[in-house]
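Reading through the structure tokens given below for one structure.
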Amino acid sequence: MTVFDKNVAATASIILAITIGIGAFGAHSLKEVLNSSSLITFEVGVRYQMYHGLAILFLGLVPLIPQPLKKRIFWLFITGIIFFSGSIYLLSMNEILSFDTSVIGFITPIGGLLFMVGWILLAFGILTLKKR
Numbered sequence: 112m113t114v115f116d117k118n119v120a121a122t123a124s125i126i127l128a129i130t131i132g133i134g135a136f137g138a139h140s141l142k143e144v145l146n147s148s149s150l151i152t153f154e155v156g157v158r159y160q161m162y163h164g165l166a167i168l169f170l171g172l173v174p175l176i177p178q179p180l181k182k183r184i185f186w187l188f189i190t191g192i193i194f195f196s197g198s199i200y201l202l203s204m205n206e207i208l209s210f211d212t213s214v215i216g217f218i219t220p221i222g223g224l225l226f227m228v229g230w231i232l233l234a235f236g237i238l239t240l241k242k243r
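Numbering (the working numbering) for the sequence shown: 112 to 243.
See the structure below:
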């Protein structure tokens with residue numbers, strides 16, 4: 112029987128707290144130094160990090176999802192956050208950083224693909240649940 116996963120739920124809580132901090136940083140500190148287009152891009156990274164932090168929390172709290180599948184989805188979402196949101200943060204701040212972040216632009220769609228695979232695996236896992 113699968114159970115509540117406190118480590119996954121705790122990790123999600125930490126990710127969500129970090130997301131709030133990153134969002135506040137963007138709203139207050141970057142507002143004065145980034146153009147509006149870059150700020151909107153930064154906010155996309157925050158939004159996707161928040162969505163997937165909440166999805167990870169869901170994974171940790173829902174006992175019906177088998178543990179091996181839960182782990183795969185967890186790591187897809189974590190890596191997706193790092194690749195997608197992380198690269199978006201750096202790309203949006205290109206104008207104020209001392210190095211050219213455009214070389215990492217190819218990482219963003221890889222992160223998006225990881226998110227999509229995670230969601231598809233979650234759907235598959237839900238659809239294959241046996242009735243109790």
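Ideal Cβ placement from N, Cα and C applies to all residues, glycine included. Since this is a predicted model, take the numbers as computed values, not measurements.
- Membership of Val155 in the alpha helix (DSSP H) is indicated by the continuous run 147-172.
- Thr152 places its beta carbon less than 7 Å from that of Ser203.
- In the structure shown, Leu224 adopts helical secondary structure according to DSSP, grouped into three states.
- Only residues of its own chain outside the window of five on either side were considered, and among them Leu201, Leu202, Asn205 have a CB closer than 6 Å to the CB of Thr212, listed in chain order.
- With at least 16 other beta carbons inside 10 angstroms of its own, Lys181 counts as buried.
- In the three-state scheme derived from DSSP, where H, G and I count as helix and E and B as strand, Thr190 is classed as helix.
- No Cβ-Cβ contact shorter than 7 Å links Leu168 with Thr190.
- Within the same chain, Ile199 come within 7 Å of Val155 by CB-CB distance, once the 5 residues on both sides are set aside.
- Scanning its chain for C-beta atoms nearer than 8 Å, with the 5 sequence neighbours on each side dropped, one finds around Ile192 the residues Ile126, Tyr159, Gln160, His163, Gly164, Gly222, in chain order.
- Annotation: Lys242 to Glu143 spans about 54 Å, alpha carbon to alpha carbon.
- Take Ser149, set aside five residues on each side of it, and the residues of its chain with a beta-carbon closer than 6 Å to its own are Ser203, in chain order.
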